[in-house]
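Chemist:
Residue numbers (my numbering), protein chains in the order written: chain C, 1414 to 1676; chain U, 213 to 647.
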């Protein structure tokens, strides 16, 4: 069994705590993700999947519960330590690319390494290498507004890989792209997963994209309602083993409770 | 992330909005420019006044007999006796003891005249002098030597004439030093003097600007002991005060100290009187202080405009932080710490103010240069002023430049800090969602 990269126990997130409009978004999430997995987290708008993504990406801290990322208890860290986690352990890929508009492709890829304190020469070499990996090496001097959507996303993926993070966290990476470029981008994720052995967490609302991954976690109303593992044999044989974990009574109870609250 | 990378990043975002950055800098530019212009004018004014005053004898020290009491009623009741005055023989002993000191007294006898070999009459003023008399009026020896204490004590018939006299009297470029001239005094007696030196003529002190040089009566300096004989006042000279000067190669403070200690000793036994020592340097120092205070005062007023400039910088930084909310979110997601974001925006504000400050310094120096050109044009059109002031050289104050640049950077820190903290405090999730 591969190493446990993400271990979440009873993660609860509430907003407007102590106010009349207090809102509970996550209702006690338990989640384990192992090294080398390609996971899709699916759910409708408002299901809490974005909040979960923020939590996984160390952009936000849970109200209750524990979150171990690569053996570090993220829920106990301060801003400085969270920044370091985001910098070294997480590689973000956003729906809207989120490249720095004033900086060219190379500088954008260099940025996480700049914050990590990597020396200039090393930084440039690594950035060029990564741009080569996503086949963008010819356009390293281009600024984001001189690139197409697919090209921007490829630069963004190269940037996500900059500090060789434990997890690539992709939030609707094909959401702003047409289906053809979307497939190209998905191919890169498959390549990173297969060839580089990267752990990829894909947040999406599209069942088709989710079907491309090994494991599909479905979220609804702040709880995990299904966690389906699609075990692909290393030998490359055709038979798949499907494992489905029934979501337990407790989750169902919590969900019912939230619905009552909402009313 | 090192400071150099930070500065490059800041510069790139300043350059991304060139016009806006320039407009933001204008407040800083005007503030610094005003300060530099004013301090340049101030230091130039000071150095011009100093040079002018120096040419009039800055190395003069007066020694005056005064009553010991400071009370007016007591002082008017004290009567002088001949012993209370400073005699020539006392002064002679002083000079012997401290050879760097000179006597700068000058005693105008009256007008006189002489005839050259061609029979042409040249009018002069007969002036009794000592070894330091020229220090009193800003003249200097151009050939030969000045009168010495020996000339005075031994009553030698020697004299020092001006270069104007030389042009009036000697028509064939003869060497004047060593020549004997026959001077007719007001009392009708003619005396023969040997020229021992030639000095310059300072028209500012001696008057007679412009006019025809041929008709001018310039001073002929003769030993004061002889001058007093001509005047009919024989014997030792009893004076309440003497003006001294000192060798410019020596230190004025030491000279003043020597005078003080000498006269303290001389008057130790005198119950009623003492000698007060006042140097021209003291007066110069007061002028110096006054100009400095005025310059600093005006510069501080001008620097108030820096606050206005700083508020402009703060305003635009706040706009910039709001505009770049998303960028801040991205940077935070990629691992930028709060302190990193804060440093980035503070650096941006500092660099903006620094560039503004440097432009301000350059414009301020240019203003000073222009002011110098105009001042010289005006002075050049007035011959008398030109003779006194010469050419004005603008002297910018390096200290003011350094302080201005540091001050503009401080403005950047001060007014950039709030917007930068605002940026640093942003929640990355909200910032990433911002449109």
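Glycine residues also receive a C-beta, built at the ideal position from the N, C-alpha and C atoms.
In this text, all values refer to a predicted model and were calculated from it rather than measured experimentally.
Where do the N-terminal and C-terminal ends of the beta strand (DSSP E) with residue 1453 of chain C fall, by residue?
Modeler: 1451-1456
Chemist: Going along the chain, which residues of the segment 574-600 of chain U sit with their C-beta nearer than 9 angstroms to a C-beta in chain C?
Modeler: none
Chemist: Find the nearest neighbour of residue 573 of chain U within the set U/220, U/518, U/244, U/411, judged by alpha-carbon distance.
Modeler: U/244
Chemist: Hey, is the segment 627-635 of chain U in contact with the segment 558-567 of chain U, meaning 3+ C-beta pairs nearer than 8 angstroms?
Modeler: Yes, since at least three Cβ pairs between the segment 627-635 of chain U and the segment 558-567 of chain U fall closer than 8 angstroms, the two stretches touch.
Chemist: CB-CB under 6 angstroms to residue 335 of chain U, same chain, minus the five flanking residues each way: which ones, in chain order?
Modeler: 325, 429
Chemist: DSSP puts residue 433 of chain U in a beta bridge; with which residues?
Modeler: U/339, U/372
Chemist: What does a CB cutoff of less than 7 angstroms around residue 1587 of chain C pick up in its chain, not counting 5 residues either side in sequence?
Modeler: 1595, 1598, 1599, 1622
Chemist: To which residues of the same chain is residue 1649 of chain C closer than 7 angstroms at the C-beta, ignoring the five residues directly before and after it?
Modeler: Caution is warranted here: a pLDDT of 40 is assigned to residue 1649 of chain C, below 50, making its placement in the model unreliable, and the coordinate value is therefore given only provisionally. Taken in chain order, the list of residues that qualify is empty.
Chemist: Measure how close the beta-carbons of residue 413 of chain U and residue 313 of chain U come, nearest whole angstrom, since I'm counting them as under 8 angstroms.
Modeler: At roughly 25 angstroms, the Cβ-Cβ gap does not stay under 8 angstroms, so residue 413 of chain U and residue 313 of chain U are not in contact.
Chemist: Compare the C-beta of residue 1649 of chain C with all C-beta atoms of chain U and state if any pair is closer than 8 angstroms.
Modeler: Bear in mind that a pLDDT of 40 at residue 1649 of chain C, under 50, signals an unreliable position, so the model cannot answer this.
Chemist: Mind pulling the beta strand (DSSP E) runs of 3 or more residues that sit fully within the segment 1553-1602 of chain C?
Modeler: 1580-1584
Chemist: Roughly how many whole angstroms lie between the Cα atoms of residue 1499 of chain C and residue 253 of chain U?
Modeler: 57 angstroms
Chemist: May I ask you to report which of helix, strand or coil DSSP gives residue 362 of chain U?
Modeler: Three-state result, residue 362 of chain U: helix.
Chemist: Answer with yes or no whether the minimum CB distance from residue 1527 of chain C to chain U is below 8 angstroms.
Modeler: yes
Chemist: Going by alpha carbons, who is nearest to residue 571 of chain U out of U/218, U/228, U/247?
Modeler: U/247
Chemist: Is residue 219 of chain U helix, strand or coil by DSSP?
Modeler: helix
Chemist: In the structure shown, what three-state DSSP assignment does residue 1481 of chain C receive?
Modeler: strand
Chemist: Closest to residue 463 of chain U by CA distance: which of U/523, U/272, U/299 is it?
Modeler: U/272
Chemist: For residue 405 of chain U, count neighbouring Cβ atoms within 10 angstroms of its own Cβ and tell me buried if that reaches 16, exposed if not.
Modeler: buried
Chemist: With hydrogens ignored, establish whether the beta-carbon of residue 433 of chain U is closer than 7 angstroms to any heavy atom of the ligand FMN.
Modeler: Ligands in the displayed structure: none, and consequently the ligand FMN is not present.
Chemist: DSSP on residue 1618 of chain C, reduced to helix/strand/coil?
Modeler: coil
Chemist: Which value, in whole angstroms, describes the spacing of the CA atoms of residue 1646 of chain C and residue 1627 of chain C?
Modeler: Because residue 1646 of chain C sits at a pLDDT of 36, beneath the cut-off of 50, its placement in the model cannot be relied upon, and the point is left open.
Chemist: Leaving aside the five residues before and after residue 339 of chain U along the sequence, list all residues of the same chain whose C-beta is less than 8 angstroms from its C-beta, in chain order.
Modeler: 318, 319, 320, 321, 345, 431, 432, 433, 434, 439
Chemist: Once the 5 residues before and after residue 249 of chain U are set aside, which same chain residues still bring their CB inside 7 angstroms of it?
Modeler: 576, 579, 580
Chemist: Apart from the five residues just before and just after residue 1519 of chain C, which ones in its own chain have a Cβ nearer than 6 angstroms to its Cβ?
Modeler: If we look at residue 1519 of chain C and ignore the five residues flanking it on each side, its Cβ neighbours are 1540, 1553.
Chemist: Flag residue 222 of chain U as yes if its beta-carbon sits less than 8 angstroms from any beta-carbon of chain C, otherwise no.
Modeler: Chain C, which has no Cβ nearer than 8 angstroms to the Cβ of residue 222 of chain U, makes this no.
Chemist: Please state whether DSSP places residue 404 of chain U in a helix, a strand or coil.
Modeler: strand
Chemist: Just checking: is the beta-carbon of residue 255 of chain U within a distance shorter than 8 angstroms of some beta-carbon in chain C?
Modeler: no
Chemist: By how many angstroms is the C-alpha of residue 537 of chain U removed from the C-alpha of residue 1544 of chain C?
Modeler: Distance from the CA atom of residue 1544 of chain C to the CA atom of residue 537 of chain U, rounded to whole angstroms, is 27 angstroms.
Chemist: Would DSSP call residue 443 of chain U helix, strand or coil?
Modeler: Here residue 443 of chain U sits in helix by DSSP.
Chemist: With a threshold of 8 angstroms between beta-carbons, can residue 535 of chain U be considered close to chain C, or not?
Modeler: no
Chemist: Count the other CB atoms, across all protein chains shown, that sit within 10 Å of the CB of residue 1583 of chain C; report buried if there are 16 or more and exposed otherwise.
Modeler: It is buried - the Cβ of residue 1583 of chain C has at least 16 other Cβ atoms within 10 Å.
Chemist: How close, in whole Å, do the beta carbons of residue 1460 of chain C and residue 1633 of chain C come, if the pair is a contact with beta carbons under 8 angstroms?
Modeler: 5 angstroms
Chemist: Determine the closest residue to residue 557 of chain U out of U/280, U/473, U/624, U/359, with distance taken between C-alpha atoms.
Modeler: U/624
Chemist: Sort out for me which residues DSSP pairs residue 392 of chain U with in a bridge.
Modeler: BP columns for residue 392 of chain U point to U/406.
Chemist: Count Cβ pairs between the segment 1447-1457 of chain C and the segment 1606-1617 of chain C that sit closer than 8 angstroms; are there 3 or more?
Modeler: Touching, per the Cβ criterion.
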